[in-house]
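Engineer: Residue numbers (the numbering used here), protein chains in the order written: chain L, 1 to 467; chain U, 1 to 73. Following this message is one structure expressed as structure tokens.
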């Protein structure tokens with residue numbers, strides 16, 4: 001079986017081991033398919049404010065429009081408002097194929113609001129896929145309702161294998177009309193999470209497991225967790241770095257987030273057992289757009305409330321057909337990613353600036369993030385994205401651009417090259433001083449093709465020997 | 001005998017309203033939640049503990065009315 005049985009990372013989305021019928025379910029889902037996330041968008045509707053557990057990494061009090069992390073939301077919607085927003089976004093951003101409910105609390109701690117929203121969306125926009133993200137405490141209670149609504153994707157956040165570790169993560173849970181604390185709470189929630197996972201798998205619902213990784217808390221257990229959820233039938237594991245939040249228990253205790261190196265190491269440990277999601281952006285509970293972007297501000301309550309939206313599934317379908325044509329064209333380029341090259345060469349990290357469609361189509365100065373790929377003679381492997389602050393704000397002179405630029409460069413210091421559609425003179429000089437190559441010549445090419453050409457030309461120096 | 005919500009601490013998360021067995025908790029359009037002291041029985045006869053207090057994510061947001069009024073129970 002080897003590679004094909006679990007996806008060795010060289011295939012385009014690492015999901016090649018899935019049976020065909022399941023692959024179909026995920027191939028247009030930006031969160032589940034690494035490849036699809038270049039083309040399709042998702043949105044979260046914030047209809048679920050209540051939560052039934054208290055995680056030590058979460059502070060429900062802190063809520064700010066500039067804060068980008070899960071559980072954060074600027075405005076709460078009623079189910080009716082949420083549907084209005086969904087229809088507006090569906091017409092404005094037709095590549096949006098998935099609507100999820102992920103909070104800001106727990107969707108299943110707000111069953112009335114959550115299911116009412118899903119029912120309304122299903123009625124008005126049946127072509128949109130629905131998904132749900134939960135802490136799992138009440139998943140078994142609602143799994144049949146989830147199944148009946150045709151929701152075939154559920155994400156469960158499971159952070160531990162043993163109650164001892166879980167007790168360091170959850171300060172309390174509210175279960176069966178009672179607040180539980182300590183080891184008792186930990187036991188109940190773990191039992192419920194794994195039971196919920198099993199219940200979903202038994203009903204053919206795809207399960208992705210999210211894990212918040214804090215090295216000092218659950219670092220030792222993640223490999224076992226990855227193995228366990230895989231064994232139980234989850235199809236994807238998303239290990240997310242713990243993000244420090246103002247006023248959380250972890251902040252008070254001085255628990256630190258993992259370094260990028262630690263995250264990479266733990267992912268490498270888990271990867272032989274389980275397909276990992278590497279393109280997660282840990283988005284807000286009200287995020288809108290492609291994974292790397294958030295267009296939520298364009299669809300605030302006051303903007304959508306008076307909108308008259310004429311929903312057209314036909315229009316959306318026509319756009320999706322166009323996207324599929326683009327995807328098909330890129331298929332050949334995608335296959336390059338899995339192709340081992342004939343010549344031996346070293347392994348290099350390359351940063352790519354892209355704003356979607358799997359193309360090198362973003363400028364260095366306006367990029368909000370860089371996609372980091374590891375390129376070797378074994379093929380191309382997507383590692384993760386790195387968020388940066390764009391130092392160029394259009395026509396305004398680059399105020400404080402220097403500091404921002406320094407920060408971006410330090411974040412990319414382990415990369416051999418940056419491939420972007422355009423890189424200005426100023427950053428180019430600084431980047432090259434630091435030994436990072438600036439490559440514009442592959443602008444607007446598909447990313448896999450650009451990376452392969454880069455590797456052949458600059459690492460294997462094929463062109464030189466041929467020329 | 002009743003529970004009380006300290007407005008300045010409330011994050012309007014709806015959790016308590018959903019759990020209240022007597023329907024004593026309601027909110028206005030602004031998302032300000034209040035407990036009707038004439039309806040609230042602190043869950044006596046329903047559950048072992050006051051449900052609103054048990055699920056509230058903010059320490060010290062929901063207290064017994066006596067505590068809110070006199071500073072102690």
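Every residue, glycine too, gets a C-beta built ideally from N, C-alpha and C.
Taking residue 234 of chain L as the reference, which of L:92, L:274 and L:331 has the closest Cα?
Structural biologist: Taking only the C-alpha atoms, the option nearest residue 234 of chain L is L:274.
Engineer: Any beta-carbon of chain U closer than 8 Å to the one on residue 425 of chain L?
Structural biologist: No, its Cβ sits nowhere closer than 8 Å to a Cβ of chain U.
Engineer: Please identify the residue among L:266, L:101, L:416 and L:383 whose C-alpha is closest to the C-alpha of residue 121 of chain L.
Structural biologist: The shortest C-alpha separation from residue 121 of chain L is found at L:101.
Engineer: By Cβ distance below 8 Å, which residues in the same chain neighbour residue 42 of chain U in space, the five residues on each side in sequence not counted?
Structural biologist: Hits under 8 Å: 1, 2, 3, 50 and 64.
Engineer: With respect to the alpha helix (DSSP H) encompassing residue 149 of chain L, which residues constitute its N-terminal and C-terminal limits?
Structural biologist: Taken as a continuous stretch (DSSP letters only), residue 149 of chain L belongs to no alpha helix (DSSP H), as it is neither H nor E.
Engineer: In chain U, what lies closer than 7 Å to residue 50 of chain L by C-beta?
Structural biologist: Result: 13, 14, 15 and 18.
Engineer: Would residue 54 of chain U count as contacting chain L if we go by Cβ distances under 8 Å?
Structural biologist: So yes, residue 54 of chain U belongs to the interface.
Engineer: Using only CA atoms, which one of L:46, L:320 and L:417 lies nearest to residue 81 of chain L?
Structural biologist: If we check each option's Cα against that of residue 81 of chain L, L:46 comes out closest.
Engineer: How about residue 216 of chain L and residue 255 of chain L: do their beta carbons lie closer than 8 Å?
Structural biologist: Cβ atoms of residue 216 of chain L and residue 255 of chain L: closer than 8 Å.
Engineer: Hey, would you say residue 43 of chain L sits closer than 8 Å to residue 287 of chain L, going by beta carbons?
Structural biologist: Yes, the pair counts as a contact, with Cβ atoms nearer than the cut-off.
Engineer: Closer than 9 Å, Cβ to Cβ, to anything on chain U: give me those residues from the segment 108-121 of chain L, in chain order.
Structural biologist: Listed by position, the residues of the segment 108-121 of chain L near chain U (Cβ gap below 9 Å) are 109, 110, 111, 112 and 113.
Engineer: Strictly below 9 Å CB to CB, what residues from chain U border residue 442 of chain L?
Structural biologist: Per Cβ cutoff of 9 Å: no residues; residue 442 of chain L is ~48 Å from chain U at best.
Engineer: In angstroms with no decimal places, state the Cα-to-Cα distance between residue 53 of chain L and residue 229 of chain L.
Structural biologist: Approximately 21 Å, taken between the alpha carbons.
Engineer: List the residues of chain L that residue 51 of chain U touches, going by C-beta distances under 7 Å, in chain order.
Structural biologist: Simply 177.
Engineer: Exposed or buried, residue 106 of chain L, counting other C-beta atoms within 10 Å across all chains shown (16 or more means buried)?
Structural biologist: It is buried - the Cβ of residue 106 of chain L has at least 16 other Cβ atoms within 10 Å.
Engineer: Could you pull out every unbroken beta strand (DSSP E) segment of at least 3 residues lying fully inside the segment 100-155 of chain L, listed in chain order?
Structural biologist: Fully enclosed beta strand (DSSP E) runs of 3 or longer: 129-134.
Engineer: Please state whether the Cβ-Cβ distance between residue 155 of chain L and residue 85 of chain L is less than 8 Å.
Structural biologist: Their beta carbons are not under 8 Å apart, which means residue 155 of chain L does not touch residue 85 of chain L by this criterion.
Engineer: Just to make sure I have the definition right: I need the residues of chain L whose C-beta is within less than 7 Å of the C-beta of residue 57 of chain U. Which are they?
Structural biologist: Residues of chain L passing the Cβ test: 51, 54 and 60.
Engineer: Out of U:38, U:27 and U:45, state which residue places its alpha-carbon closest to the alpha-carbon of residue 177 of chain L.
Structural biologist: Nearest of U:38, U:27 and U:45 to residue 177 of chain L, Cα basis: U:45.
Engineer: Taking all protein chains shown into account, do 16 or more other C-beta atoms lie within 10 angstroms of the C-beta of residue 39 of chain U, making it buried, or fewer, making it exposed?
Structural biologist: The residue is exposed, with fewer than 16 neighbouring Cβ atoms inside 10 Å.
Engineer: With respect to the alpha helix (DSSP H) encompassing residue 34 of chain U, which residues constitute its N-terminal and C-terminal limits?
Structural biologist: Element bounds for residue 34 of chain U: not the alpha helix (DSSP H) but the beta strand (DSSP E), 33-35.
Engineer: Should residue 313 of chain L go down as buried or exposed, given a rule of 16 or more other Cβ atoms within 10 Å for buried?
Structural biologist: Label assigned to residue 313 of chain L: exposed.
Engineer: Please confirm whether residue 8 of chain U has its beta-carbon closer than 8 Å to some beta-carbon of chain L.
Structural biologist: Not closer than 8 Å to any Cβ of chain L, the Cβ of residue 8 of chain U fails to qualify, so no.
Engineer: Contact criterion: CB-CB distance below 8 Å. Does residue 174 of chain L meet it with respect to chain U?
Structural biologist: By this cut-off, residue 174 of chain L is an interface position.
Engineer: Specify, as a first and last residue, the run of the alpha helix (DSSP H) that residue 476 of chain L falls within.
Structural biologist: Nothing can be reported for residue 476 of chain L, as the shown portion of chain L is limited to 1 through 467.
Engineer: Kindly confirm or deny that the segment 413-428 of chain L and the segment 315-335 of chain L touch, where touching means at least three C-beta pairs closer than 8 Å.
Structural biologist: Contact fails: fewer than three Cβ-Cβ distances are below 8 Å.
Engineer: For residue 429 of chain L, is the classification buried or exposed, using 16 other Cβ atoms within 10 angstroms of its Cβ as the cut-off for buried?
Structural biologist: Burial call: exposed.
Engineer: Examine chain U for any beta-carbon lying closer than 8 Å to the beta-carbon of residue 105 of chain L, and answer yes or no.
Structural biologist: It does; some Cβ of chain U falls within 8 Å.
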